[in-house]
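Numbering (our numbering), first residue to last: 7 to 348.
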């Protein structure tokens with residue numbers, strides 16, 4: 007049973023309302039709106055034929071035969087959620103929503119029914135937040151930049167969780183390790199296909215922070231509050247096999263078989279799409295995932311990030327260094343251990 011989360015009692019302590027007022031004033035001064043999802047950029051491609059020049063950190067296509075979108079993350083620089091990739095993912099989301107709207111009015115347009123989010127980086131799904139930028143913003147006390155980035159993350163995550171506001175099943179294809187925000191993103195999908203041997207975890211506690219872009223909300227709904235807090239507070243790394251036993255991974259694939267296993271799942275889902283999407287609507291009624299909840303937790307994360315000490319930031323930087331070493335070492339799949347950054 008999902009446990010409702012109320013943060014109202016914490017607002018006076020963290021000063022969230024004052025922080026939001028400051029952020030809103032700054033956004034207004036810069037002429038920025040606070041829409042939940044970014045609109046598609048000018049010149050964005052049609053669903054079936056995305057233009058490579060339009061997107062630099064993702065690529066996607068629509069398989070009309072299966073009614074499925076396939077989106078592949080390929081961030082420039084760190085294997086994390088870069089600002090550029092977040093912008094492109096928001097545009098991808100808008101493309102799916104526009105596709106659904108066209109399908110409602112044009113009988114010749116096949117509506118999307120499933121969407122896969124995968125990674126082009128060998129051995130890595132996504133390692134989460136852009137820690138290098140976090141460090142700079144924290145040192146500069148740039149609350150606005152931290153909040154803007156965090157909100158961009160939960161925009162993408164929330165769209166995955168609600169099927170882009172349409173009867174769409176979302177699937178995470180995890181062929182490499184998913185840490186921090188990468189794990190959160192996989193959890194935001196309705197189903198996870200993971201290859202044996204890949205790792206999942208939330209290392210944020212090792213530099214005195216917590217995963218603030220959905221982990222608490224998503225894990226609590228899946229495994230209960232006590233177990234969710236334990237998983238987050240431990241900083242422990244879990245295998246795909248362990249998460250499969252917990253029920254967090256729905257399909258456990260052999261290494262290299264993730265794409266084919268996902269295609270098999272898509273075809274299986276086609277036969278029960280009505281029942282599955284109806285079940286998810288019922289689940290959303292019983293245990294809704296309001297955007298406001300994600301935003302409130304994100305605001306707590308921003309406040310906590312700004313309280314980090316120099317020693318915490320040094321640990322964060324060591325994790326960045328460990329990630330850099332990993333990306334230059336061919337065939338290295340294991341995430342940084344606690345000993346590497348303690």
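Beta carbons are placed, not taken as given, at the ideal position from N, Cα and C, and that holds for glycine. None of these values were measured; they are calculated from a predicted model.
Residue i versus the options, residue with shortest Cα-Cα distance
i	options	result
residue 210	218, 295, 204	218
residue 254	194, 115, 73, 110	194
residue 273	235, 242, 120	120
residue 156	316, 325, 101, 306	306
residue 326	108, 124, 138, 90	138
residue 174	279, 186, 310	279
residue 187	230, 234, 127, 133	133
residue 301	142, 266, 221	221
residue 206	231, 240, 126	240
residue 88	62, 242, 71	62
residue 126	74, 145, 67, 78	78
residue 103	152, 172, 285	172
residue 67	107, 118, 81	118
residue 214	276, 152, 271, 310	310
residue 313	131, 100, 149	149
residue 93	140, 76, 110, 154	154
residue 246	238, 283, 233, 184	184
residue 160	270, 315, 276, 95	95
residue 143	319, 324, 332	319
residue 141	315, 107, 108, 283	315
residue 164	151, 196, 182	196
residue 69	289, 115, 152	115
Three-way DSSP call (helix, strand, coil) for residue i in this model
i	result
residue 256	coil
residue 191	helix
residue 82	coil
residue 172	coil
residue 204	coil
residue 214	coil
residue 197	strand
residue 286	helix
residue 74	strand
residue 328	helix
residue 179	strand
residue 420	Only positions 7 to 348 of the chain appear in this structure, which leaves residue 420 out of reach.
residue 292	helix
residue 319	helix
residue 209	helix
residue 281	helix
N- and C-terminal bounds of the alpha helix (DSSP H) containing residue i
i	result
residue 101	89-111
residue 303	297-311
residue 265	264-277
residue 229	221-229
residue 145	137-145
Start and end residues, beta strand (DSSP E) containing residue i
i	result
residue 150	It is not in any beta strand (DSSP E) - residue 150 instead sits in the alpha helix (DSSP H) that spans 149-167.
residue 123	120-125
residue 67	64-69
residue 61	From DSSP, residue 61 is part of no beta strand (DSSP E); its letter is neither H nor E.
residue 130	130-132
With 16 other Cβ atoms within 10 Å as the buried cut-off, status of residue i
i	result
residue 83	exposed
residue 112	exposed
residue 321	buried
residue 136	buried
residue 162	buried
residue 122	buried
residue 145	exposed
residue 192	buried
residue 285	exposed
residue 147	exposed
residue 296	exposed
residue 81	buried
residue 330	exposed
residue 236	exposed
residue 233	exposed
residue 178	buried
residue 281	exposed
residue 227	buried
residue 190	buried
residue 252	exposed
Original post:
Which runs of the beta strand (DSSP E), 3 residues or longer, sit entirely within the region 231-256?
Top reply: 243-245
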